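One structure below.
In our numbering, the protein residues as written are 71 to 596.
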């Protein structure tokens, strides 16, 4: 029966965390027992009310990898990992973790970011991870003096959640590693900071555009105006000809026009920033692999799928490589928002596998001279995913040559075979949208989008203060056990590694949306 389990696999959950915004239309909610109350401020633009995350491991993998001279595992990831609760960490304007990474690696690979640079704005020093004119950490789009973080590793998966209660934005990511966890660890240690850096550059560019166009100073930056602009159905056009720029009515006309122009350009700028951040991570990771593959040739086969969700104001940005998914649960028009009516799934991400006919056709057309580009239902007989970070042996001949014997790909005619071009999307949150499920492919091995959405929706309706991510994993364990002919207890007693035969590593985040809700305090649960 729904919600009932013969065994609680909680002990096998490597990760289980939650975060709640408790004020609903100004009325403080009851905090469930076991929640730790954290004081906070009311975010101006928050469009989510709570989230939960959980992960279940199936693969046996090394707990700590030694890439980047040990800096990733020993110095960077411990500052981010918090597998059973959110915790506050300062967002320092003077210390970047990427600076730590870069300086620590100089003895072995000079500077990690001296890999081939991605296209960048003027005055960008690609060998320093930062712009010479970038603002401090408490400025820009993802501005915050402190953030709340949670996440960790489960098998070859990694999950991250970063929230600014102060400013109402949420970053979450699932890195589904394969052939090892090194690429997922690298992403967990660098991608968020890459995104922060790129959004600062975007903020600088937009500030220059705004001040150059109107000579008006915006104390909160153009981003606040960009989001407000999307709600304006009517925008006044600035007058033509000569005019007094200090005239208040003309200033208003100019500002309204800038708001209209900046909303779409800002969103495109954010998508470009996400793509640049990912491209930099790819270049840095492959550069690191080339430096270390003599000692660790296995690194050339290590890769990771990437799924990032960034919620700010009314906009949900998604970036994905591979087969993880973000699925939006939304009500049909005319449905009752109290739960009576039809709720339907909308997949916000593309599936990058050979099973996707569009992806299969793209791969074949990109390699017309290779008759064996897809063999045995896999790219070059190796991978079902068609896009991923890392997996250098399918991208560069010299990395493939580092492998010995049957591990090496024969007839690598026209690399790269695996793309790092992400699918990007921005969704405007509406009153009909209820929640978002962010999950690795292991979840969807057992549930369709519709099944997952209906399970979570039913659970939320009957358990408004419960943990939907953990519940969804419990249901998955039950289904996996039934498929294998085991009881849940028997399945969970199979050690990691051997249990991979019955289910994959699974990571889930459920974000419950609430555009009319505001945060008076936040709570975390373990």
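Glycine residues also receive a C-beta, built at the ideal position from the N, C-alpha and C atoms. Keep in mind it's a predicted model, so treat the numbers as computed, not measured.
field: Endpoints, the alpha helix (DSSP H) within which residue 529 is located
entry: In the chain shown, residue 529 corresponds to position 459, counting from 1. From DSSP, the alpha helix (DSSP H) with residue 529 extends over 519-532.
query: residue 469 and residue 462 look like a contact to me (Cβ under 8 Å); what is the Cβ gap, rounded to whole Å?
result: As a working mapping, residue 469 is identified with position 399 in the chain shown. As a working mapping, residue 462 is identified with position 392 in the chain shown. Right, the Cβ-Cβ distance comes to about 4 Å (below 8 Å), so this counts as a contact.
field: Cβ distance (whole Å) where residue 121 is taken to contact residue 582 below 8 Å
entry: For the purposes of this step, residue 121 is identified with residue 51 of the chain shown, where counting begins at 1. For the purposes of this step, residue 582 is identified with residue 512 of the chain shown, where counting begins at 1. The Cβ separation is near 7 Å, so the contact holds.
- prompt: Short check: CB of residue 221 to CB of residue 151, under 8 Å?
  reply: For the purposes of this step, residue 221 is identified with residue 151 of the chain shown, where counting begins at 1. For the purposes of this step, residue 151 is identified with residue 81 of the chain shown, where counting begins at 1. Yes. Within cutoff.
message: Is it the case that the stretch 254-267 contacts the stretch 339-357, given that we only count it when at least three CB pairs across the two stretches are under 8 Å?
response: yes
- prompt: If residue 580 and residue 242 are in contact, beta carbons under 8 Å, what's the gap, nearest whole angstrom?
  reply: Numbered from its first residue, the chain shown carries residue 580 at position 510. Numbered from its first residue, the chain shown carries residue 242 at position 172. At roughly 10 Å, the Cβ-Cβ gap does not stay under 8 Å, so residue 580 and residue 242 are not in contact.
Bridge partner(s) assigned by DSSP for residue 350: For the purposes of this step, residue 350 is taken as the residue at position 280 of the chain shown. DSSP lists no partner for residue 350.
message: Quick check: residue 485 and residue 453, are their CB atoms within less than 8 Å of each other?
response: To locate residue 485, count along the chain shown from 1; it is residue 415. To locate residue 453, count along the chain shown from 1; it is residue 383. Not a contact, by the Cβ cut-off of 8 Å.
message: Judging by CA-CA distance, which residue of 234, 396, 127 is the nearest neighbour of residue 563?
response: For this step, residue 563 is matched to residue 493 along the chain shown. Of 234, 396, 127, the residue nearest in Cα terms is 127.
- prompt: Can the beta-carbon of residue 542 be found less than 8 Å from the beta-carbon of residue 551?
  reply: As a working note, residue 542 is residue 472 in the chain shown. As a working note, residue 551 is residue 481 in the chain shown. Taking 8 Å as the Cβ cut-off, residue 542 and residue 551 do not qualify as a contacting pair.
message: Could you check whether the stretch 389-397 touches the stretch 489-509, counting it as contact only if at least three pairs of C-beta atoms, one from each stretch, sit closer than 8 Å?
response: yes
Continuous beta strand (DSSP E) stretch holding residue 547: start and end: Looking up residue 547 in the chain shown gives position 477. No beta strand (DSSP E) holds residue 547; the alpha helix (DSSP H) holding it covers 538-554.
query: Which whole-angstrom value is the C-beta distance of residue 625 and residue 539, which I expect to be below 8 Å?
result: Beyond the ends of the chain as shown, which are 71 and 596, falls residue 625; an answer cannot be given.
task: Tell me whether residue 338 is buried or exposed, calling it buried when 16 or more other Cβ atoms sit within 10 Å of its Cβ.
output: One-based indexing of the chain shown puts residue 338 at position 268. Per the 10 Å Cβ criterion, exposed.
- request: Could you name each continuous alpha helix (DSSP H) segment of 4 residues or more that falls completely within the stretch 443-470, going from the start of the chain to the end?
  value: 467-470
message: Per the DSSP calculation, residue 374 is bridged to which residue(s)?
response: The count along the chain shown starts at 1 and reaches residue 374 at position 304. Answer by DSSP bridge pairing, in chain order: 247, 459.
field: Extent of the continuous alpha helix (DSSP H) to which residue 473 belongs
entry: Stepping through the chain shown from its first residue, residue 473 is reached at position 403. Where residue 473 is concerned, there is no enclosing alpha helix (DSSP H), given that its DSSP letter is neither H nor E.
query: Touching or not, the stretch 443-457 and the stretch 417-424, by the rule of three or more beta carbon pairs under 8 Å?
result: yes
query: Counting along the chain, where does the alpha helix (DSSP H) carrying residue 238 start and finish?
result: Here residue 238 refers to the residue found at position 168 of the chain shown. From DSSP, residue 238 is part of no alpha helix (DSSP H); its letter is neither H nor E.
task: Determine which residues share a DSSP beta bridge with residue 216 and list them.
output: Translated into positions along the chain shown, residue 216 becomes position 146. The partner list for residue 216 (beta bridge, DSSP) reads 160.
- prompt: Exposed or buried, which one is residue 546 when buried takes at least 16 other CB atoms within 10 Å?
  reply: Indexing the chain shown from 1 puts residue 546 at position 476. Under this definition residue 546 is a buried residue.
task: Output the distance between the C-alpha atoms of residue 482 and residue 361, rounded to the nearest integer angstrom.
output: In the chain shown, counting from the first residue as 1, residue 482 sits at position 412. In the chain shown, counting from the first residue as 1, residue 361 sits at position 291. Taking the straight line joining both Cα atoms gives about 22 Å.
query: Tell me which same chain residues have a C-beta within less than 6 Å of the C-beta of residue 495, skipping the five on either side of it?
result: Taking the first residue of the chain shown as position 1, residue 495 is located at position 425. Taken in chain order, the residues that qualify are 388, 418.
- request: Look at residue 131 and residue 238 and say whether their C-beta atoms are less than 8 Å apart.
  value: Locating residue 131 in the chain shown gives position 61, where the first residue counts as 1. Locating residue 238 in the chain shown gives position 168, where the first residue counts as 1. No, these two residues do not count as a Cβ contact at 8 Å.
query: Residues in its own chain within less than 8 Å of residue 343 by CB, not counting five upstream and five downstream?
result: As a first step, residue 343 is located in the chain shown; it is residue number 273 there, counting from the start. Correct list, in chain order: 265, 268, 269, 271, 272.
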